[in-house]
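J.:
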Amino acid sequence: MKYDIVTVLGPTAAGKTRLAAKLAKEFNGEIISADSRQVYKGMDIGTGKDLNDYIVDGIKVPYHLIDVLEPREEFNLFLFKNYFTKAYSEILERGNIPFLAGGTGLYLSSIIQNYQLQEADFDKAEADELKGKDIPELRKILNELNTALHNTTDIIDKGRLITAIQIARNKQKDKQPWETLYSLNIGINLPREIIRIRITERLKTRLAGGMIDEAKNLIDSGITYERLDSFGLEYRYMALYLKGKLNYNDMFQKLNSAIHNFAKRQSTWFRKMEREGVKINWIDGPDFNRAKEIILKAAILPGAQ
């Protein structure tokens, strides 16, 4: 099989970005981020942008879909696909290799599993109609639209349910610039306990590094608490802290637990992708040499044997 892109995936705190950057430097590549929040400017610490990860041996590896929108602007799967298509085409025009990296499962699936969408998929009238329904109703609609889903009870966020329904209603409607895009997928596997330790230590580091001040700056710039809440995870709990709804210790404990649960949901999503026929080459930790070996064995890149 001829592959068109290399995807590096795995749960949060697994080391995806750093591994992808090292591989991209090795194979003359550029990285496209598949993260639903790193597109926003001024949201660096809370989203885990870690731009230093893109500097390998003193060289900055080119990246895309980071810092492209203001926090007050909306971003969704359709826009992600548009941005991805533009970046992907430009990378190929330069004769470089596209690498996709990130932890937003829906965005990864949209590329790896070739979702084909129209702008009408995210029509405001349809979204408003769905917003009027409660979560059990939305789950029922989604189950009826996509019988392949094993368990929608894991989807507790109303916005994500609405997005999933719109995708299920409108899959396979339009053509993309390519008929089918084949991705060589490398997944980082780490013991759950290691992930738990990494998540907690990373959260402590980010809080000490000014994550709360970052959230306060967003509020001071005119971003509402409701908008901050819509970004989920870190920003949701920092909004509660800044409003005085949670003390610092409760904020930390609840946020830490929420990130652990998010990592579990990511792993569940990857297993779902595999059940649907996606091949993921799992490696133990962010092992550069093993990942490089997988890419060379696929014989898809310049210089591959």
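Each step along the sequence shown adds one to the number in the numbering used here, with nothing skipped, and position 158 is 146. A virtual CB, placed ideally from N, CA and C, is assigned to each residue, including glycine.
(1) Should Tyr229 be labelled buried (16 or more other beta-carbon atoms within 10 Å of its own) or exposed?
(2) Looking at the unbroken beta strand (DSSP E) that takes in Asn102, where does it start and where does it end?
(3) On the DSSP bridge list, what partners appear for Val(-6)?
(4) In this structure, does DSSP put Lys231 in helix, strand or coil?
(5) Does the beta-carbon of Pro274 have 16 or more other beta-carbons within 10 angstroms, so that it is buried, or is it exposed?
(6) Check whether the stretch 250 to 259 and the stretch 58 to 73 are in contact - that is, three or more C-beta pairs closer than 8 Å.
(7) Alpha carbon to alpha carbon, how far is Lys252 from Ile19? Give it in angstroms, no decimals.
(8) State the Cα-Cα distance for the pair Gly(-2) and Ser218, rounded to the nearest angstrom.
(9) Within 10 angstroms of the Cβ of Leu243, are there 16 or more other Cβ atoms? Answer buried if so, exposed if not.
(10) If I follow the unbroken alpha helix (DSSP H) through Asp41, where does it start and stop?
(11) Pull up the CB-CB distance for Ala286 and Tyr(-9), whole angstroms please, since I reckon it's below 8 Å.
(12) Comparing alpha-carbon positions, which option in Leu57, Val49, Ile247, Glu62 lies nearest Asn16?
(13) Which residues share a DSSP beta bridge with His52?
(14) Leaving out the 5 sequence neighbours to the left and right, which residues in its chain are closer than 8 Å to Ile282 when beta-carbon positions are compared?
(15) Just tell me which of Gly265, Gly83, Arg25 has its CA closest to the CA of Glu61.
(16) Does the Cβ of Tyr28 have 16 or more other Cβ atoms within 10 Å, making it buried, or fewer, making it exposed?
(17) Starting from Ile268, follow the beta strand (DSSP E) in both directions and report where the run begins and ends.
(18) Straight-line CA distance for Ser21 to Gly30?
(19) Return the chain-ordered ranges of every alpha helix (DSSP H) run that is complete within the stretch 231 to 263 and spans a minimum of 4 residues.
(20) Short check: CB of Ala221 to CB of Phe250, under 8 Å?
(21) Kindly indicate the opening and closing residues of the alpha helix (DSSP H) around Thr73.
(22) Compute the minimum distance between the beta carbon of Leu228 and the heavy atoms of the ligand NAP, and state whether it is under 7 Å.
(23) Count the other CB atoms within 10 Å of the CB of Asp39; is the residue buried (16 or more) or exposed (fewer)?
(24) For Lys128, does the count of other Cβ atoms within 10 angstroms reach 16, so buried, or fall short, so exposed?
(25) Tell me, to the nearest whole angstrom, how far the beta carbon of Ile(-7) is from that of Leu169; I am working on the premise that it is less than 8 Å.
(26) From the DSSP output, which residues share a beta bridge with Leu57?
(27) Taking C-beta to C-beta, are Lys13 and Ile54 nearer than 8 Å?
(28) The alpha helix (DSSP H) that contains Thr339, what's its start and end?
(29) Taking its Cβ as the centre, do 16 or more other Cβ atoms sit within 10 Å of Glu202, making it buried, or is it exposed?
(30) Roughly how many whole angstroms lie between the Cα atoms of Ile211 and Tyr223?
T.: Concretely, from the data shown:
(1) buried
(2) Run containing Asn102: none; DSSP gives neither H nor E here.
(3) Phe87, Leu172
(4) coil
(5) buried
(6) No, they do not touch.
(7) For the pair Ile19 and Lys252, the Cα-to-Cα distance works out to about 25 Å.
(8) Approximately 23 Å between the Cα atoms of the pair.
(9) buried
(10) From DSSP, Asp41 is part of no alpha helix (DSSP H); its letter is neither H nor E.
(11) That belief holds up - the Cβ atoms of Ala286 and Tyr(-9) are roughly 6 Å apart, short of 8 Å.
(12) Of the candidates Leu57, Val49, Ile247, Glu62, Val49 places its Cα closest to the Cα of Asn16.
(13) Residue pairing by DSSP places His52 opposite Ile20 in a beta bridge.
(14) Excluding residues within five positions, the ones whose Cβ falls inside 8 Å are Leu172, Ile174, Asn269, Ile271.
(15) Arg25
(16) Looking at its Cβ environment, which holds 16 or more other Cβ atoms inside 10 Å, Tyr28 is buried.
(17) 268 to 272
(18) 16 Å
(19) 236 to 263
(20) The residue you asked about is not Ala; residue 221 is Leu in the sequence shown. Yes, they are a contact pair.
(21) 65 to 81
(22) The ligand NAP is absent from the structure shown, which contains no ligands of any kind.
(23) Correcting the residue identity first, residue 39 is Leu in this sequence and not Asp. It is exposed - the Cβ of Leu39 has fewer than 16 other Cβ atoms within 10 Å.
(24) Here Lys128 is exposed, its C-beta having fewer than 16 other C-beta atoms within 10 Å.
(25) 6 Å
(26) Tyr28
(27) no
(28) Past the boundaries of the shown model lies residue 339; the chain is included only from -11 to 293, so the question cannot be answered.
(29) Looking at its Cβ environment, which holds 16 or more other Cβ atoms inside 10 Å, Glu202 is buried.
(30) 12 Å
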